[in-house]
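The sequence shown begins at 1 in the UniProt record's numbering and counts up one residue at a time.
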Amino acid sequence: MTAWTLAQRAAKMNPSVIREILKVTEKPGIISLAGGLPSPQTFPIESFAQAAAQVLGNEGAAALQYSASEGYTPLREAVAAFLPWEVHPDQVLITTGSQQALDLVAKVLIDEGSRVLVETPTYLGALQAFTPMEPRIEAVASDDEGILVDDLAAKVGSGGTRARFLYVLPNFQNPTGRTMTEARRQQLVERAAELGLPILEDNPYGELWFDQPPPKPLTARNPEGGIYMGSFSKVLAPGLRLGFVVAPQHIYPKLLQAKQAADLHTPSFNQRLVAEVMKNGFLERHVPTIRQLYKRQCEAMLAALEEHLAPLGVTWNRPAGGMFLWLRLPEGMSALELLPRAVAHDVAFVPGAAFYAQEGDARTLRLSFVTATEEQIRTAIAALAAAIREGA
């Protein structure tokens, strides 16, 4: 019998709680408020069809061939031009989704036992990317305005145990939907610079604002002190798996080498397709339609929560953009215990405890408002209220 021996790091790899819950939503009749899936209504299918014909007709051989690991040059130029601070295209690395960006950064910056700082709570996919590198992940206290800077300073450490970086999502954060304020951003960047602490800024949702854009990125305030990650998944289509990293020039070569080892390059056709779609100001016309749709859906969910869950003592935030709402159940309740009752009522959500690096809050849960219709949202929240009453 063949004896397979797994690497020690394999024991650190765990299934995504969200992906496991999404399997439950395949049950007929379930209304899923669980997954962070963009609405298919936002996919510009006709524009992609036209762009595909252009790419294959004009540069088909190149689009189907191996290409540069850094990414398709016109796409890198477009990313650099789009960002609100001076970025050279040579600082832009195209990745296979922003999840790959997290993986590359983890490989380049984390050693076994390295201290890594994250928000409370934080994005589950980042925890999954960091954990196999066997770091010591430490949660920094956070409030509705973002990271608590004094707690950050207390947890940076020194010498060999000094934190390698702080990972943060300033805009419409996953899972909480919160947005870091202008004042807190400036405090954070200034204190991180004083401490010599790099910031890993993840911004997949920043363009999904409802009424006004969020404050300028952290990296724009100190470009040499940060690595910035973005994605085309939320503004075009997640199935293309296109993201990017903007890194200081002395860090970029190592990220590139990690990329080459991982997959050589992100699919050439997908990159050229997006570059073609982005011509002539397409995103400036398309993204506002996404914002309008998501704002209506968010308002529908907030109204349903007020009607059905406020009387039960449930509390929640009011996001100014993005895809998520963050709820807290009354004292003594557990979101994990609530989930099977909710599924029995044909509604699914994500328990919040999975998003904590340490000591998860069992009373929290995440709802996504972007995939379900307004009618489905109203039905789902009423069903969730029934499940909560059953457990009271």
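From the three backbone atoms N, C-alpha and C, an ideal C-beta is built for every residue, glycine too.
Start and end residues, beta strand (DSSP E) containing residue 202: Sequence index remark: in the sequence shown, residue 202 carries index 202 (1-based). Per DSSP, residue 202 belongs to the beta strand (DSSP E) from 199 to 202.
For residue 143, the three-state DSSP class (helix, strand or coil): Position 143 of the sequence shown, counted from the first residue, corresponds to residue 143. Looking at residue 143 - three-state DSSP - the assignment turns out to be strand.
Reduced DSSP secondary structure (H/G/I, E/B, other) of residue 138: Translated into positions along the sequence shown, residue 138 becomes position 138. Three-state result, residue 138: strand.
Identified DSSP bridge partners for residue 229: Along the sequence shown, one-based indexing puts residue 229 at 229. In the DSSP secondary-structure assignment, residue 229 is bridged to 202, 245.
DSSP bridge partner residues for residue 267 (one or two, in chain order): Translated into positions along the sequence shown, residue 267 becomes position 267. According to DSSP, which records beta bridges pairwise, residue 267 is partnered with nothing at all.
Reference residue 330, options 311, 372, 289, closest by Cα: To locate residue 330, count along the sequence shown from 1; it is residue 330. When each option's Cα is compared against that of residue 330, the closest is 311.
Spatial distance of residue 112 from residue 3 (CA atoms): For this step, residue 112 is matched to residue 112 along the sequence shown. For this step, residue 3 is matched to residue 3 along the sequence shown. Taking the straight line from one Cα to the other gives about 26 Å.
C-beta atoms of residue 259 and residue 67 nearer than 9 Å: If you number the sequence shown from 1, residue 259 lands on position 259. If you number the sequence shown from 1, residue 67 lands on position 67. Result no, Cβ atoms of residue 259 and residue 67 do not sit closer than 9 Å.
Sequence-distant residues of the same chain with beta carbon closer than 6 Å to residue 188, five excluded per side: Start at 1 with the first residue of the sequence shown, and residue 188 comes out as number 188. Excluding residues within five positions, the ones whose Cβ falls inside 6 Å are 147, 149.
Cβ pair count under 8 Å reaching 3, the region 332 to 348 against the region 110 to 126: Inter-segment contact for the region 332 to 348 and the region 110 to 126 is absent: fewer than three beta-carbon pairs are separated by less than 8 Å.
Three-way DSSP call (helix, strand, coil) for residue 98 in this model: Residue mapping note: residue 98 aligns to position 98 of the sequence shown, counting from 1. Per DSSP, reduced to three states, the secondary structure at residue 98 is helical.
Whole alpha helix (DSSP H) elements within the region 150 to 203, 4-residue minimum: If only uninterrupted alpha helix (DSSP H) runs of at least 4 residues are considered, those enclosed by the region 150 to 203 are 182 to 195.
Supposed contact pair residue 175 and residue 324 - C-beta distance, whole angstroms, cut 8 Å: Start at 1 with the first residue of the sequence shown, and residue 324 comes out as number 324. Start at 1 with the first residue of the sequence shown, and residue 175 comes out as number 175. For residue 324 against residue 175, the beta-carbon gap comes to about 6 Å, under 8 Å, which counts as contact.
Status (buried if at least 16 other CB within 10 Å, exposed otherwise) for residue 320: By one-based count along the sequence shown, residue 320 stands at place 320. So residue 320 ends up on the buried side.
Residue range of the alpha helix (DSSP H) that includes residue 282: Mapped onto the sequence shown, residue 282 falls at position 282. Counted as a single uninterrupted DSSP element, the alpha helix (DSSP H) harbouring residue 282 occupies residues 282 to 308.
Backbone CA spacing between residue 224 and residue 355 [nearest angstrom]: Stepping through the sequence shown from its first residue, residue 224 is reached at position 224. Stepping through the sequence shown from its first residue, residue 355 is reached at position 355. Rounded to whole angstroms, residue 224 to residue 355 spans 29 Å at the Cα level.
First and last residue of the uninterrupted alpha helix (DSSP H) at residue 324: As a working note, residue 324 is residue 324 in the sequence shown. For residue 324, no alpha helix (DSSP H) encloses it; the enclosing beta strand (DSSP E) starts and ends at 324 to 328.
With 16 other Cβ atoms within 10 Å as the buried cut-off, status of residue 292: By one-based count along the sequence shown, residue 292 stands at place 292. Exposed is the call here.
As assigned by DSSP and simplified to three states, the class of residue 370: Numbered from its first residue, the sequence shown carries residue 370 at position 370. Judged by DSSP in its simplified three-state form, residue 370 adopts coil rather than helix or strand.
3 or more residues per run - each beta strand (DSSP E) lying fully within the region 67 to 99: The qualifying runs are 92 to 95.
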